[in-house]
Amino acid sequence: MAKMLYSVSMSADGFIAGPGGDMRWLTDYLGPNPLVDELISNVGALLAGNKSFGGDDPYKDTEQEGEAFGGGWSGPEFVLAHKAPERPIPGVTFVHDVDTAIKESKAAAGDKYVNVMGATVARELLAAGALDEVLTVITPVMLGDGVRLFDHPGGTQVKLERLRFSTTEDAVNVWYRIKTS
3 MAKMLYSVSM SADGFIAGPG GDMRWLTDYL GPNPLVDELI SNVGALLAGN
53 KSFGGDDPYK DTEQEGEAFG GGWSGPEFVL AHKAPERPIP GVTFVHDVDT
103 AIKESKAAAG DKYVNVMGAT VARELLAAGA LDEVLTVITP VMLGDGVRLF
153 DHPGGTQVKL ERLRFSTTED AVNVWYRIKT S
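Under the numbering used here, the first residue of the sequence shown carries the number 3, and numbering increases by one thereafter.
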């Protein structure tokens, strides 16, 4: 059965996007990363929030613009959104609630990962007890403001167990399992 993995690049000060969802900062850190390359081959479906799906693209103005993992992956994509666009987008299914998003994306992924994109979706999956793992690629930059990796007003504690740790010239990769007890 598919696992739900929140994979994300993050600044050293804990932001996954700049103010307003700006992803241009990530462009300088899209270099080779063997762990990410390995992950791509193990992704069976994507589940993104509407802001992540329609937001800034670090590959903007390149041939890879609009392509998952810069064109390194293709397959079924699911977007958790209140409203689907008027025109269908080939290969993209818009779902309106978390339970449907979980069910449909996991079915599409088979025995591979559902790669989760978007802090809000990840938080909703945690609340539903459906998020299994988190891969954080920490980049050597501090943004000072923006969208946090995990933000839960009023606070909550999510315990993690480290599964893997590796480094590249420009990143520190930490892969965790969500501890359920």
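Glycine is no exception: its CB is placed at the ideal position from the N, C-alpha and C atoms.
Measuring only the C-alpha atoms, how far is residue i from residue j?
i	j	result
Leu48	Glu40	16 Å
Gly146	Asp15	7 Å
Met3	Val116	10 Å
Arg26	Met12	13 Å
Asp172	Tyr31	7 Å
Arg89	His98	16 Å
Asp24	Arg164	29 Å
Phe167	Asp101	31 Å
Pro87	Phe96	8 Å
Where does the unbroken beta strand (DSSP E) through residue i begin, and where does it stop?
i	result
Glu135	Glu135 to Thr141
Glu163	Leu162 to Thr169
Ala130	It is not in any beta strand (DSSP E) - Ala130 carries neither H nor E in the DSSP assignment.
Leu48	Val45 to Gly51
Tell me the DSSP secondary structure of residue i in three-state form.
i	result
Arg89	coil
Thr95	strand
Ala103	helix
Gly77	coil
Ala83	coil
Ala14	coil
Ala110	helix
Ala121	helix
For residue i, list the residues DSSP reports as bridge partners.
i	result
Met6	Val116
Tyr178	Val136 and Arg164
Val149	Ala19
Less than 8 Å between the beta carbons of residue i and residue j, yes or no?
i	j	result
Ala50	Val149	no
Thr170	Pro34	yes
Tyr8	Val94	no
Asn175	Leu37	yes
Gly77	Gly46	yes
Arg179	Leu151	no
Leu127	Val118	yes
Gly120	Lys53	yes
Ala103	Leu82	yes
Lys108	Asn44	no
Where do the ends of the alpha helix (DSSP H) carrying residue i lie?
i	result
Leu28	Run containing Leu28: none; DSSP gives neither H nor E here.
Pro36	Pro36 to Ile42
Consider the Cβ of residue i: report whether some Cβ of chain B lies at a distance smaller than 8 Å.
i	result
Pro78	Judged by its chain identifiers, the structure shown contains no chain B, having just a single protein chain.
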